[in-house]
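S.K.: Below is one structure. I have some questions about it.
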Amino acid sequence: MIELPVIPANQTNRKPDWLRVKLPVGKEYAHVRGLVDEHKLHTICESGNCPNMGECWGAGTATFMILGNICTRSCSFCAVATGRPLAVDTDEPNRVANSIKLMNVKHAVITSVDRDDLKDGGSIIWAETIQAIRRESPGTTMETLIPDFKGIWDNLYRVCEERPEVVSHNIETVKRLTREVRIQAKYDRSLECLKRISDFGLRTKSGIMLGLGETEADVYETMIDLRDAGVHVLTLGQYLQPTKNHHPVIDWIHPDQFAKYKEYGSKLGFKYVESGPLVRSSYHAEKHLFDQVAG
0 MIELPVIPAN QTNRKPDWLR VKLPVGKEYA HVRGLVDEHK LHTICESGNC PNMGECWGAG
60 TATFMILGNI CTRSCSFCAV ATGRPLAVDT DEPNRVANSI KLMNVKHAVI TSVDRDDLKD
120 GGSIIWAETI QAIRRESPGT TMETLIPDFK GIWDNLYRVC EERPEVVSHN IETVKRLTRE
180 VRIQAKYDRS LECLKRISDF GLRTKSGIML GLGETEADVY ETMIDLRDAG VHVLTLGQYL
240 QPTKNHHPVI DWIHPDQFAK YKEYGSKLGF KYVESGPLVR SSYHAEKHLF DQVAG
């Protein structure tokens, strides 16, 4: 197979033209923007400067982070602060549910920092958040983007038992680069996490960042591993370096290469493949609520 060219990041300090985005517009976006400002609501869409914020808010989708904003891990790609987290806020599930109700969110994506400091890995707050959202906004569907819970599967099952419509866990990068990019994570543990979610009978989703130095063969290997783990939905997007202290962008991946990965993923049998420079984990999340999980 012929590998399409990429642009080495060290050849230019300027992002390629295909990474430019339009300013958010539209009545639905303006309405949500007003609610967020008025009630001082917090979303990852906004704090993470997501390029798709306008499109997602316009479609009634928003992403929220629980369990604080300090992570116990120090992945080289992530801008979330690392350190000793604060005590768990037991009222957080109610506050998140209230935000979702105020914003009239149709499809909520919930994610969290890693809480390896907690015996339950944060899974109790995860379960209570799902319950609170269902209580306050029974018409809202959910995707839960969860950590690997350090391989303590009882904590994983505590979330699965609440049966959110989609359960995600991002593999983040290819096997060869995992030790470099996800220092405290394990490639095989992430695959087992995904397989257990799929075997539980839930819609299962994962994502890969590109431009970290992976080859086309690396990406195909990881896509096959994810397919074999029972993943139904796959996202592939361009990695963007949060600060100069984070892992550098090695390559700018051309949109044609993303299209090639999408075609390959479809042939592998994924139910959905979102593949493009601006794709993020929650991109088009509301479209991944298909009626039947792939066999």
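Under numbering that gives the first Met the number 0, read the sequence shown as residues 0 to 294, first letter to last. Glycine is no exception: its CB is placed at the ideal position from the N, C-alpha and C atoms.
1. What is the rounded straight-line gap between the Cα of R188 and the Cα of P254?
2. In the DSSP assignment, find the unbroken alpha helix (DSSP H) run with T221 in it and report its ends.
3. So, for T110: in the same chain, excluding its five sequence neighbours on each side, which residues have a beta-carbon less than 7 Å away from its beta-carbon?
4. Got a sec? Which residues, its chain only, sit under 6 Å from Q183 by beta carbon, not counting five neighbours each side?
5. Report the residue from L101, K266, L209 whose alpha carbon sits nearest the alpha carbon of G275.
6. Which residue wins for smallest C-alpha separation from L277, given the options L235, R178, A126?
7. Between the C-alpha atoms of S46 and P241, what's the straight-line distance to the nearest angstrom?
8. Please give the ranges of any beta strand (DSSP E) in the segment 111-180, keeping only runs that are unbroken, at least 3 residues long and fully inside the region.
9. Please state whether DSSP places S197 in a helix, a strand or coil.
10. From this set, E164, G150, K118, which residue's C-alpha is nearest T139's C-alpha?
11. Look at Y186 and I170 and say whether their C-beta atoms are less than 9 Å apart.
12. DSSP three-state label for V248, please.
13. Would you say E215 and T172 are within 9 Å of each other, going by their C-beta atoms?
M.R.: Taking the coordinates as given:
1. Between R188 and P254, the alpha-carbon positions lie close to 30 Å from each other.
2. 215-227
3. I43, T62, M64, L144
4. R72
5. L209
6. L235
7. The pLDDT assigned to S46 is 49, lower than 50, so where the model puts this residue is not dependable; a value taken from the coordinates is nonetheless given after this. Approximately 12 Å, taken between the alpha carbons.
8. 140-144, 165-167
9. helix
10. The closest CA to that of T139, considering only E164, G150, K118, is found on E164.
11. yes
12. In this structure, V248 counts as coil in the three-state DSSP scheme.
13. no
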